[in-house]
Every structure is written in structure tokens, then in C-alpha cells.
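*Asks:* Okay, here's the structure, questions in a sec.
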Amino acid sequence: MVLYLAVSMSMFFIGAAGVVVRRNPVVVFMCIELMLNAVNLTFLTFARYAPSPLIERADSTWMAGQMMVIFVMAVAAAEVAVGLGIIMAIYRVRANVDVDEMSSMSG
Amino acid sequence: MDINALLPTDMNGWAHLGIVGSLSGLAVLTAIGVVAFNSPIRSALSLVLNFFTLAFIYFSLGAELLGITQIVVYTGAIMVLFLFVIMLLNLSADDPSQYKRDAKPVFAGIIGLVVFGLLATAVLAPLKAINQISAPDRNEFNPIGWGSPQAVGKTLFTGYVWPFEMISLLLLVGIVGSILLARRKVTS
Amino acid sequence: MVQKDLIWLVLGFPLLGWLIQSLFGARIAKSMGKPAAGLISVIAVAAAFAVGLLLTVQLAGLPPEARGIVATAFDWISLWNIRIPVELRIDTLSMTMVLIITGIGSLIHLYSMGYMSEEPEYPRFFSYLNLFVAFMLVLVLGNNLPLLFIGWEGVGLCSYLLIGFWYKDFANSKAANKAFIVNRIGDVGLVIGMFLILVLAFDHQALFKGDARWLSYDVLIPALPEMLHNNGGMATAIALCLFVGACGKSAQFPLYLWLPDAMAGPTPVSALIHAATMVTSGVVLLNRMQVVFAASPTASAIVAIIGCFTAVFAAVIAFGQSDIKKVLAYSTVSQLGFMFIACGVGAYWVGMYHVITHAFFKALLFLGSGAVIHAMAHEQDMRHYGNLRKYIPITFITMVIGWIAIAGVPYTSGWFSKEEILHDAFGNELAVIGGVNVGVAIGFIGFFAALLTAIYMTRMMMLTFWSGEERWKLIPATEHGHHHHEEHHAHGSEHAHHEDHGPDTHGFFFSEEVLHAKHEGDHHDNHHHALDANHKPHEVPATMWIPLVVLSVFSLFGGIWLTDKFGLFGHKGKLLEHWLDNPLNHVASHGGTHGGDHGAHVIPYANLVTTLGYSIGLIGMVLGILYYFGRLPKAEGWDFTKWAPWRRAARDQFAYDQVMVDAAVDGGGAVGNFLWRAFDEKGVDGGVNGIAKTLQFFAGIFRKSIDGFARSYALMMLFGVALFVGYLVFVLMSRGSIQ
Chain A
288 MVLYLAVSMS MFFIGAAGVV VRRNPVVVFM CIELMLNAVN LTFLTFARYA PSPLIERADS
348 TWMAGQMMVI FVMAVAAAEV AVGLGIIMAI YRVRANVDVD EMSSMSG
Chain B
2 MDINALLPTD MNGWAHLGIV GSLSGLAVLT AIGVVAFNSP IRSALSLVLN FFTLAFIYFS
62 LGAELLGITQ IVVYTGAIMV LFLFVIMLLN LSADDPSQYK RDAKPVFAGI IGLVVFGLLA
122 TAVLAPLKAI NQISAPDRNE FNPIGWGSPQ AVGKTLFTGY VWPFEMISLL LLVGIVGSIL
182 LARRKVTS
Chain C
633 MVQKDLIWLV LGFPLLGWLI QSLFGARIAK SMGKPAAGLI SVIAVAAAFA VGLLLTVQLA
693 GLPPEARGIV ATAFDWISLW NIRIPVELRI DTLSMTMVLI ITGIGSLIHL YSMGYMSEEP
753 EYPRFFSYLN LFVAFMLVLV LGNNLPLLFI GWEGVGLCSY LLIGFWYKDF ANSKAANKAF
813 IVNRIGDVGL VIGMFLILVL AFDHQALFKG DARWLSYDVL IPALPEMLHN NGGMATAIAL
873 CLFVGACGKS AQFPLYLWLP DAMAGPTPVS ALIHAATMVT SGVVLLNRMQ VVFAASPTAS
933 AIVAIIGCFT AVFAAVIAFG QSDIKKVLAY STVSQLGFMF IACGVGAYWV GMYHVITHAF
993 FKALLFLGSG AVIHAMAHEQ DMRHYGNLRK YIPITFITMV IGWIAIAGVP YTSGWFSKEE
1053 ILHDAFGNEL AVIGGVNVGV AIGFIGFFAA LLTAIYMTRM MMLTFWSGEE RWKLIPATEH
1113 GHHHHEEHHA HGSEHAHHED HGPDTHGFFF SEEVLHAKHE GDHHDNHHHA LDANHKPHEV
1173 PATMWIPLVV LSVFSLFGGI WLTDKFGLFG HKGKLLEHWL DNPLNHVASH GGTHGGDHGA
1233 HVIPYANLVT TLGYSIGLIG MVLGILYYFG RLPKAEGWDF TKWAPWRRAA RDQFAYDQVM
1293 VDAAVDGGGA VGNFLWRAFD EKGVDGGVNG IAKTLQFFAG IFRKSIDGFA RSYALMMLFG
1353 VALFVGYLVF VLMSRGSIQ
């Protein structure tokens, strides 16, 4: 189990670092997807190896992790659709796609 | 060293370690690739590879439906979207020499390493002992398998039907939102 | 049987008079004429005198041990272990002072009706006078030290208001300020003394047997000897602090310099406040707290020495003065010195004796000089007088009586008290400093001062009333306006200095031209005539000479009455002494309080003292008459270069005043400047601004974190995650491990 968790943790933090480092908004988005997938892996790992005893329903105690993964996937999909739509909309207004340039605050 | 201690009990031997290990390594490498490539196309392709690898890791865990879903939804739909956008916007490679040097990468790296280290020592170390699969592959509830479509479908449409419906609403909202965003301004 | 509640009437009448006068006086003066407005005040004080007389007679009917009655009104301050009520004390000392204040006060009020009759702000003057009488009564009647202090401050305030009555002349305002500020310096001493007493009382609470009125005389004074028993240092400290307060009010050496400047006020003010009542507050304080002084020989010696020095110092300065009121002012300072000599050697009742007789003759002299000034068209410089006895006979006769009283002609009132003081100085057993009994030295110096007193008073009388030539006729009859200017300069405070001969010389408020213009207008109404060769001095109206006559009767016979020389009242030789003997002050364990025990023991140089006592006044008068007969000596005329150096120095108070004022003004300015720059600007402002700058600095740092860049926000989120995870790990660690 540790192996899977190590993978997922690495993916998560690499994604997090990527969000901070990269300037291209599309790449930032991709890093966010990376993080979401890392979380999916974590859920599945725990679901398989150490399901939470807190969940009461007898028939789905060990299925909860997979349910969570399904929902995360669905949400990620919706989020990508909307997010990329926003990026396109911004690109129509300003020609540049640099996250830093999108700040209108001064000082 | 007892490699069996590292693997789940229904796998054994160096072969399995080799498969899972290489899959893991590939996942990490491609993750790094997403962040490290200057060109967005390369980042996207790297991410595709990452998702593929993840799907196989899901298979190795026994979650067959989810693995397939990962391939179909993530790599088949989401990454395709990404590639469309990249090509539409004609994004070129970033030129790192153009940018102001700032300290953010350093900070991010440091923080990431610190937290990784913390979690590794505090959380992972005690978890090393768990290498027994707890979720039984077959029982009276799901005779087929833990990650099989029958089992997942049964749980999803009985115990988790409420979240299921709400997710479908969410997807509807997402569709509507995207269409609105993509519309050109109406001038009349 | 004493009807003690009547005492509130004694206090209430002057207060009522003040209220009516200040609220309605102007209206009454306009509708019914000025004398009606003035009569309100006169009646107020006279009514207080009547009630005071009644109470005194009732008090005299009591046996001596019972002559101390307290009338309480309400609690002013009440803390958990100290209580200060508003209470008045009816005993011999306070009733004596009440009679003097209200009696002489009413005479002076009557006199002021005539003196100030041309004054446009007539009601204001009388309201201030009544307020002064009310505060002075609080001072003497109060049964505890805080009430005395209220009266103390109040008379200081009224003194300020009255000295600066003609405030439009800047020099008068300066004189008023000086009086008030120098008084306040003395008050610091009084307050410190009171707090020392409180500290002492706090340490000896058991002595009060549960009575929480620690500062009330009837509780404090019987307990003081016990408290000061082995505490000589504390006794000296308290005594000296109280004496500093007395120095301020009673114009003793370091703090006398306000009194000559106070002559800038109207003459009735000088008579009432600076001769008879306010300046004697110090002596009253010492009489009240005599137990403290009796417990400290060192402090008493210091009191006596300073009193003696002041007596001589002021007497010498009086020789250099050409303004008639200034001579009387320095004479007051000198006589006050005598009173403190008496208190210093332990003969406290003799100090009060001199207070009473001094009140008689000094008030008489001041009022008389006021009459002279009034007759001479407000000219105060004696070099313009001469031979006035022909023109103002009543004033002349009464002033002669005052003169012989102060000079010490045997059997006048002044002679009795002065002789008693010097006699007791020689017999001194209390004032011992550093092992040296200073009594004999003080006695001889005191005789010298008495001699000087006689001489300078004779000088004043000769220059004014005799001297053969009528010097005002030497002034050419000049233009109206020009001479106003001239005489106006003599009207205000006559400092023989370069500065204030007139208004605002520093140009603080008005420019010279504006002030001159104002003055021309002001004096146009007041002085209908100038003092020039054509002037004819006229006698004063009845409201002014009746008080003179009454006071001269007392000056002549007061001594005989108070000492009961001829045994008419059954206390041969000791009437006042027995009257003022307060049961509170009977301290069995310490001698010295009865230092005025006349004839109980033989004093050194007894025969010499007696001879000098009879003759010194007469010798002085003869010397003065001889020197000043018939003429104004050239060495005291208009040409200052002909003056003897010592006399010129005396005229300038031996530069003491100049030095003090400069030091105070410059020193005060320097202190203020330093505090401003160092504390206020650098310290306080620096502190406040420093806080602001620090906040600005930190804000500037934190401001940079919100820069509008999404990536830095993401970094911050990451950082937050790190913190959160760290906390979780910490909790996990502390609980063991995951399971």
C-alpha cells in the first residue's frame, strides 16, 4: 500500500509545484488535473486496503472509495469544460495567455 | 528483504513488483514531465501518458471499472479537450529566459519537499504494516468482484443515488456554462 | 451657651453679598445709584460682624477649657479611613480673626464707597471684596487643614482679582500675576506639609481612636505631640513646609516680592488684604499648628531668623522708596517679620497680638494714605507732597495717631505688641538651632529694626505733612493730555526699573499706539484735574474719614484694652494671652509653648530691654524729625545721581526682585522649552509617530503579498496546506500513531 501512496503523494506535490511555477494557464490547469488524479489514487488505495470503519452501511462500506472516485471524475470533467471555456474567453479579450499578466492590481 | 511485504498478498514475486514498480515510476516521471516541459503540447502529451499509467495502476488495485473509466473519460475526453484548446489558441512554448526571475519555484519546491517529508514520516511509516487487502474480492453482496461494473453499479444506484443525481445536475450546469462561455457576443 | 449654627450666617452673609453684587450689582447701581450698590456689600460684612460679635460674647461666657465648638455641615471627602467634613470651628483664635476681618472689613467697605465713587466698574469691586471676606472667613473658621487650604487659595484668587482690578493697564495685570504665582509657590510647601501630616497620621492611626477626621484640629492637634514625640526630623520637616506656605502668603524673605507690586491695586485693597487680613494668614496657620513648631526647635529658630531678617531687610528698602504706598508696603513686610519672630520664639499669642494691633494701625495708615492720594489727584509720589497738614486736617490727625502707634510710642497699641515680642525674644527657650539659642541676637536686631521703623515712618510723615514747602506747586500747569501721561506713570506699579512704566512694553497684546490711545480715553473720565500748581487739596468725604477715626481710636487704646494694663477686666496684663490660650494646644510633655510667659522667669539683659523698649521708638522719631525737618533733602530728590548708593540699591530692593523675576521667567522659559523639545516633540510625538511608522513598515511588508498574481496566491495556499498538514502530523505524533 505504501508504494501506491508514495506515488500519489509525489504526483500531488508535483502538481502543486506546477501550479505555482508555470505561467501558462492551460498548463496550470493540467497540473490541477494531475492533483485530482493523485487524490483518486489515494481514495482507491485506501478503499482496497483500509476502508474506513466509520461508514455504516454494511453493503457499501468498502465501496465508498470507488464512489468518491466516480464523483471526483465527474466533477473534474465539468470543471475542465468550464475552465477551458473561461480561458478561451479571456484569450479572446487579451491576446496573451500569461497568468501573471492577468492581474489588474497596481502596487 | 521480503518483497512480499511490499506487495499486496494476492501478488507475489519479483514480477509483480517489477510491474507495479515500473508503473509507479512511469507515473511519477510523466508527472514531472507535465510540469517541466516548456511546450504545452508536450505537457499535455505527458499528462496523457500519466493518465494511462494511472489506469493500469487502478487495474492492479482491482478497480477494473474505474480504470476503464479513467481511460475513457480522462484521456479520451478531458485530454482531448486540452489538446483542442492548445491547438486553437496556438500556444507556443514558454520562453523561460523572458520571464522575471522570481523565487516562487524555490519556495514551492521547499514547501512541497517539507510537507512530503512530514507526511512520509508521520503517515506513511505506520501504514507500511498494511499490506493485506481488506476489501474482500467476493462476498455475498457482490459475487463478481470488488471493482467490477456490477458491484459499482449496484452501489451507485442504490446507496449513492442522491449524489449520482446531483452530479448529473452538475454536469448539466457545466454544459450550459461552457456553451454560454463559448458564445460570441450578440450585437443586436 | 453658644448658638453654633449662627456661625454659618457669619460665612453666609458675605457670600450672599457677593452673589447679589455680582448678579445684580450693575443693575442696582444704574437704577438706584452707586451708593446703594455699595451699601449691599457694607451691610453684608457688617451683619457678619454683628453675628460674630454675638458669638464671641457667648463664647466668652464659657469656661476656658470649653471654648472650642465645632459646627459640621456635610462630608466633603469620605474615604475608607479618612473623613474631611465641611466644618467650622468656633474658638478664641477663629473668633478673634472673624472680628478683625469683618470689623475692619466693614470699615474698609465703607471707605471704599467714597474712594471708588468715580469708578465705572463699582459693583465688580464690591463683589470681589465680599468674596474675599468670605474666603478669608473660611480660612480662619475652617476646622480642618483642607478647609483652611480652600480659604488660602480663595484669598489668593481674590487678591489676584483685586490687584488686577484695573486690568486694562498691563502693569497691573503683571503685578496681579506675580502675586498669584508667588503665592502658589508658597502653597506647594503648605500642601507638602499637609501630606506629611497625613503620612504621620497614617502611621499612628491608633491615636485617633477610630475618629476618621484626621486633618481636623480637634482630632489632630491633641494627637500630634504623641506622633512627633521621638520624631524630631518629621516635626522639622512639617514645620518648615508649613512655614514655606506661610512665607508665600505673609511675604517673608524669599517670597515677599509680590507685596510691593501689589500696591498697583486700589488703596482699600491694600488696606484690607495686604495689611490686615490676607497677609496675616501665615501667622494664623502657625498659631493653629503651633504644636508642630513647638516640637521642633530648629524649625522655630529658622522661622525666627527669617522673620528677623525680613524685618530688617524690608525696613532698609523702605528708605529708598518715594511712593507713599510702597513705603507702607515694605512696612507691612517688616512688621510681618516681627510677627514671625514672635512665633519663632514660641510666643504664638504675641504674634496674634501684633496681628491685631498691626491690623489697626496699618489699615489706618493705608486708608489715610488713600485719603492723601485722593486729595492729591491720585498722585502717589511723596516728592510732590509737602505741608499737607494745613489742607487735610482729619486725615492728618488720624495718620499721626497711626504713625505714633507703628513707631512705638509707649502705651500705644503698637508699642505694647512690639515690646512684648522683643521681650519674649530675649527670653527665648525654644528657638535653638545647632545648639545656639538665637533669642538674644534676634532681640537686638529686632530693636534695630524697630528703630529703623520709627525713622522711615517719620520720614514718610515729614515729607507728606510737614517739610515747609508745598512741592506740588513747583509743577508747571501744563496741557491736560501731556500731564496725564506723566502722572499715569506714577500711578501704576512704580518699579525703579527700565521696564514697565506703563503698559505692555513688550508689545504682546497691543501696540504702543493703540494702548496709549486707550489710556487717554480711560483716564479722561477719572481725572478731571491734573496735579499741577493750581491744585488745591481737599478733605475727604465722611464715608472716608469715619473709618479713619474709628481705627485711630483702636490704635491708641487697643493695646491698653487687650493687655488689660490697668486690670479693668480682671486679667491684669494678660487678657489677650488668656483669651488666646487654646485648650487643644496644652501639651504636657513639651515645654516651650508657653514661651510667652511674661515675667515668669528673668530674661537676660532685663533692664536694657526695658529701657530700650520705652525709648527706641522715641529716639527714632526724633532722629527722623531732625533730618527731614523743613525740606526734602537733595539726596532724595528728583535727581537720582545725588542719591546715596545704598539708598539707590534699596530702592531697587538690592536687585533681589530683578534677579528673581529674571530667573523665574528665563528659567521657566528654559524648562518649558526643554520639556517641549525633548519630551513633547521627541518623546511623545516620537512615540506616537514611531508606532505609526512601525505599523507602516510592517504593513508595507505584508502588502507585498497581495500582488494580484494568481501564482503567489497559489503559493500561499500551498503554504497554508503545509501548515495544516504540519498541525495534523503534530497531533498524530502526540497521540501515538494512526490507530
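Protein chains in written order, with the working numbering: chain A, 288 to 394; chain B, 2 to 189; chain C, 633 to 1371.
C-beta: ideal position from N, C-alpha, C; glycine also.
1. Is the Cβ of P164 of chain B closer than 8 angstroms to any Cβ of chain A?
2. Determine the contact status of V306 of chain A and A1346 of chain C, defining contact as a CB-CB distance below 8 angstroms.
3. So R1343 of chain C contacts chain A; which residues on that side make the cut at Cβ distance below 9 angstroms?
4. Let me make sure I understand the geometry here. Which of B:V29, B:V107, B:G160 and B:G148 has the alpha-carbon closest to that of V49 of chain B?
5. Measuring only between beta-carbons, confirm whether A293 of chain A sits less than 8 angstroms from chain C.
6. Evaluate the contact criterion for the region 874-884 of chain C versus the region 727-738 of chain C: three or more CB pairs, one atom per stretch, below 8 angstroms.
7. Jot down the residue ranges of each uninterrupted alpha helix (DSSP H) in the region 7-77 of chain B, minimum 4 residues, whole runs only, in chain order.
8. Taking CB distances under 8 angstroms as the criterion, tell me whether I1340 of chain C reaches chain B.
9. Which residues in chain C have a C-beta closer than 9 angstroms to the C-beta of I112 of chain B? List them in chain order.
10. Of all the options A:V369, A:R309, A:A351 and A:V313, which has the alpha carbon lying nearest to the alpha carbon of L331 of chain A?
11. Which word fits H1112 of chain C, buried or exposed, when buried means at least 16 other C-beta atoms lie within 10 angstroms of its C-beta?
12. For G1223 of chain C, collect the residues of the same chain with a Cβ closer than 6 angstroms to its Cβ; drop the 5 residues on either side in sequence, then sort them by chain order.
13. Tell me whether A78 of chain B is buried or exposed, calling it buried when 16 or more other Cβ atoms sit within 10 Å of its Cβ.
14. Compare the C-beta of M354 of chain A against all C-beta atoms of chain B and say whether one is closer than 8 angstroms.
15. May I ask you to report which of helix, strand or coil DSSP gives S295 of chain A?
16. Give me the Cα-Cα distance between V677 of chain C and Y743 of chain C, rounded to the nearest whole angstrom.
17. Assign A1057 of chain C to buried or exposed, taking buried as 16 or more other Cβ atoms, counted over all protein chains shown, within 10 Å of its Cβ.
18. Am I right that Y799 of chain C and S805 of chain C are in contact with their C-beta atoms under 8 angstroms? What's the rounded C-beta distance?
19. By the criterion of Cβ-Cβ separation under 7 angstroms, what are the contact partners of A303 of chain A in chain C?
20. Can you check DSSP and say which residues form a bridge with R721 of chain C?
21. What is the C-beta distance between A183 of chain B and G372 of chain A, in whole angstroms, given that I count them as a contact (C-beta under 8 angstroms)?
22. Taking the DSSP output, what are the residues bridged to S848 of chain C?
23. Between L685 of chain C and V634 of chain C, which are expected to be in contact by the criterion C-beta below 8 angstroms, what is the C-beta distance as a whole number of angstroms?
24. Would you say R381 of chain A reaches chain B, if we count a Cβ-Cβ gap shorter than 8 angstroms as a contact?
25. Mind pulling the chain B residues with CB within less than 8 angstroms of T332 of chain A?
26. Closest Cβ-Cβ distance between M288 of chain A and chain B: below 8 angstroms?
27. CB-CB under 7 angstroms to T1225 of chain C, same chain, minus the five flanking residues each way: which ones, in chain order?
28. Between C:T724, C:S710, C:V683 and C:I709, which lies nearest to P695 of chain C when the distance is taken from Cα to Cα?
29. Between which two residues does the alpha helix (DSSP H) holding W163 of chain B run?
30. Using C-beta distances below 7 angstroms, list every residue in its chain close to E1051 of chain C, excluding the 5 sequence neighbours before and after it, in chain order.
31. Tell me, please, whether the CB atom of I319 of chain A is closer than 8 angstroms to any CB atom in chain B?
32. Less than 8 angstroms between the C-beta atoms of A943 of chain C and I973 of chain C, yes or no?
33. Given a threshold of 16 other Cβ atoms within 10 Å of its Cβ, counted over all protein chains shown, does P752 of chain C qualify as buried or as exposed?
34. What residues from chain C crowd round L120 of chain B, counting only those whose CB sits closer than 8 angstroms?
35. Using a Cβ-Cβ distance under 8 angstroms, would G77 of chain B count as near chain A?
36. Compare the Cα-Cα distances from G148 of chain B to each of A:V294, A:A334, A:R381 and A:G370 and report the closest residue.
*Replies:* Short version:
1. yes
2. yes
3. V306, V307, V308, R309, R310, V315, V386 and D387
4. B:V29
5. no
6. no
7. 15-37, 41-62 and 65-70
8. Looking at the sequence shown, residue 1340 of chain C is not Ile but Gly. Judged by the 8 angstroms Cβ criterion, G1340 of chain C is not in contact with chain B.
9. L1347, L1350, F1351, V1353 and A1354
10. A:A351
11. Only weak support exists for where H1112 of chain C lies, its pLDDT of 47 falling under 50; the coordinates are left without a value.
12. Unreliable placement is indicated for G1223 of chain C, whose pLDDT of 40 sits below 50; the coordinate value is still reported in the next sentence. Closer than 6 angstroms at Cβ, skipping near neighbours: no residue.
13. exposed
14. yes
15. helix
16. 13 angstroms
17. buried
18. 5 angstroms
19. L1350
20. C:V702
21. 6 angstroms
22. C:N776
23. Actually they do not touch by this definition, with Cβ atoms about 13 angstroms apart.
24. no
25. L62
26. yes
27. Confidence at T1225 of chain C is low in this model, with a pLDDT of 41, below 50, so its placement is unreliable and the value that follows should be read with caution. Excluding residues within five positions, the ones whose Cβ falls inside 7 angstroms are Q922, A926, G978, N1217 and V1219.
28. C:T724
29. V162 to A183
30. G1245
31. no
32. yes
33. exposed
34. V1357 and V1361
35. no
36. A:A334
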